[in-house]
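Contents: one structure, followed by commentary.
Residue numbers (my numbering): 5 to 439.
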């Protein structure tokens with residue numbers, strides 16, 4: 005029951021006990037008392053969390069149950085979740101194949117955590133992962149597990165190419181370089197090229213921005229000519245998210261290294277670096293404590309197999325095209341909607357303010373207002389972009405046509421409500437659509 009689930013949360017949440025007034029964050033924003041119910045729990049999180057953690061402030065929801073696209077909070081209200089754990093939930097919440105895989109490990113008596121030892125669960129994951137890779141990489145691939153933290157797989161990939169080339173400098177293109185000649189991203193300084201070039205085929209935090217295939221193919225030619233490893237970061241884009249199993253496949257480019265995280269763990273923390281055999285320096289990877297989590301490996305293998313067998317990448321491409329078309333229509337009607345861009349089920353809608361460009365604080369405030377209006381209508385969305393002015397949709401790959409209609413209707417209604425409050429009802433003469 006929701007009530008009993010909330011009681012358990014509240015009991016662990018730090019109610020003040022006899023003889024103590026409570027900590028500062030317990031008392032904060034509660035008028036001197038902790039406060040009961042979901043609202044009290046949200047206030048505690050708002051008071052205790054660092055400013056770097058914004059979800060409790062932007063999304064005051066206390067989830068106690070979830071399945072597929074739907075989250076139910078402690079008050080019994082349901083939401084359509086289009087954040088998908090920042091893209092980590094390829095199959096949505098608590099998918100049956102993921103739960104079955106986790107239960108299989110739990111019931112088997114196998115160790116839940118091992119480091120540096122091969123297990124049947126890890127072997128099954130690697131076998132399934134290799135089935136999904138681009139042929140040019142799968143034929144000569146090596147898999148290196150690392151810690152599941154956000155920077156761990158990137159650091160592992162950087163260390164790999166540095167050791168393989170004997171060079172230190174790794175280049176990550178800037179916004180301007182993504183629009184310039186790809187050769188500028190692989191410079192030869194004092195006769196020495198970089199150790200590697202690290203790119204995203206779809207730039208997620210930029211709100212999201214697909215990189216043109218012609219640009220990536222040009223970069224691949226340059227890196228091959230200069231013997232520079234090309235590293236593709238698939239942290240946000242992998243496992244069918246963009247309409248291909250790996251986003252780099254849209255361009256036909258085969259990288260030397262793939263950085264994998266988020267969705268590969270089937271909703272649990274897991275990260276790995278896949279690279280061509282020629283880059284392997286033969287040295288053991290560092291002892292990342294949680295790189296052998298058996299539950300994550302089992303959930304990840306089940307997710308990879310399900311996405312592949314049910315052709316969910318193709319489904320993401322079809323549904324994503326429908327979402328893009330609807331949102332681009334909205335951009336032609338409303339002044340506050342600017343560019344709409346994305347690929348597959350990784351879509352961003354940029355909000356603009358009439359008194360400034362997309363990079364102004366006013367645009368970010370508009371996006372935050374849309375996010376709040378979405379929440380009131382039972383829809384959870386992310387914000388992205390350097391100015392926080394891009395409403396981002398990352399629904400799970402299992403989203404149905406009916407659910408897609410509900411998401412689009414709620415989002416359109418939220419944007420229209422924000423537009424009405426601004427007093428601007430006419431079509432936008434400067435509304436833009438993505439190229």
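Glycine included, C-beta positions come from ideal geometry on N, C-alpha and C.
This one's a predicted model, so the numbers in the text were calculated from it and none came from an experiment.
Per DSSP, cross-strand counterpart(s) of residue i
{"i": "residue 297", "result": "117"}
{"i": "residue 150", "result": "275"}
{"i": "residue 74", "result": "71, 84"}
{"i": "residue 269", "result": "DSSP, once it has assigned bridges, lists no residue as partnering residue 269."}
{"i": "residue 173", "result": "BP columns for residue 173 are empty, so no partner."}
{"i": "residue 347", "result": "350"}
{"i": "residue 237", "result": "263"}
{"i": "residue 144", "result": "Partner(s): none; residue 144 has no beta bridge."}
{"i": "residue 319", "result": "DSSP, once it has assigned bridges, lists no residue as partnering residue 319."}
{"i": "residue 280", "result": "145"}
Continuous beta strand (DSSP E) stretch holding residue i: start and end
{"i": "residue 65", "result": "It is not in any beta strand (DSSP E) - residue 65 carries neither H nor E in the DSSP assignment."}
{"i": "residue 354", "result": "350-355"}
{"i": "residue 386", "result": "386-388"}
Classification of residue i by the beta-carbon crowding that lies within 10 angstroms, buried from 16 upward
{"i": "residue 409", "result": "exposed"}
{"i": "residue 253", "result": "buried"}
{"i": "residue 270", "result": "buried"}
{"i": "residue 316", "result": "buried"}
{"i": "residue 368", "result": "buried"}
{"i": "residue 138", "result": "buried"}
{"i": "residue 288", "result": "Below a pLDDT of 50, predicted positions are generally treated as unreliable, and residue 288, at 46, falls in that range; the measurement from the model is reported next regardless. So residue 288 counts as exposed."}
{"i": "residue 423", "result": "buried"}
{"i": "residue 276", "result": "buried"}
{"i": "residue 302", "result": "buried"}
{"i": "residue 157", "result": "buried"}
{"i": "residue 172", "result": "exposed"}
{"i": "residue 499", "result": "Given a span of 5 to 439 for the chain in the structure shown, any question on residue 499 remains unanswerable."}
{"i": "residue 348", "result": "buried"}
{"i": "residue 419", "result": "buried"}
Extent of the continuous alpha helix (DSSP H) to which residue i belongs
{"i": "residue 82", "result": "First-last for residue 82: 82-85, but that is the beta strand (DSSP E), not the alpha helix (DSSP H)."}
{"i": "residue 417", "result": "405-426"}
{"i": "residue 210", "result": "Residue 210 -> no alpha helix (DSSP H), and no H or E assigned at all."}
{"i": "residue 106", "result": "100-112"}
For residue j and residue i, believed in contact at Cβ under 8 Å, the rounded distance
{"i": "residue 395", "j": "residue 355", "result": "7 Å"}
{"i": "residue 247", "j": "residue 388", "result": "Actually they do not touch by this definition, with Cβ atoms about 19 Å apart."}
{"i": "residue 442", "j": "residue 227", "result": "This structure cannot speak to residue 442, because the chain is shown only from 5 to 439."}
{"i": "residue 397", "j": "residue 351", "result": "5 Å"}
{"i": "residue 326", "j": "residue 214", "result": "Not quite, the Cβ-Cβ distance comes to about 17 Å (not below 8 Å), so this is no contact."}
{"i": "residue 169", "j": "residue 233", "result": "7 Å"}
{"i": "residue 129", "j": "residue 357", "result": "That belief does not hold up - the Cβ atoms of residue 129 and residue 357 are roughly 47 Å apart, past 8 Å."}
With three or more C-beta pairs closer than 8 Å as the rule, is the stretch 140-153 touching the stretch 273-282? yes
> Quick check: the stretch 259-268 against the stretch 237-251, are there 3 or more CB pairs under 8 Å?
Replying inline: yes
Under 8 Å: do the stretch 110-123 and the stretch 296-308 share three or more Cβ pairs, one atom per stretch?
yes
Assess, as a yes-or-no matter, whether the stretch 162-181 is touched by the stretch 300-319 under the definition of 3 or more beta carbon pairs within less than 8 Å. no
| request: Would you check if the stretch 99-113 and the stretch 209-224 touch, i.e. whether three or more CB-CB distances between them fall below 8 Å? | output: no
Do the stretch 368-383 and the stretch 327-335 make contact, defined as three or more Cβ pairs closer than 8 Å?
no
Would the stretch 60-76 and the stretch 87-101 be scored as touching if the rule is three or more Cβ pairs under 8 Å?
yes
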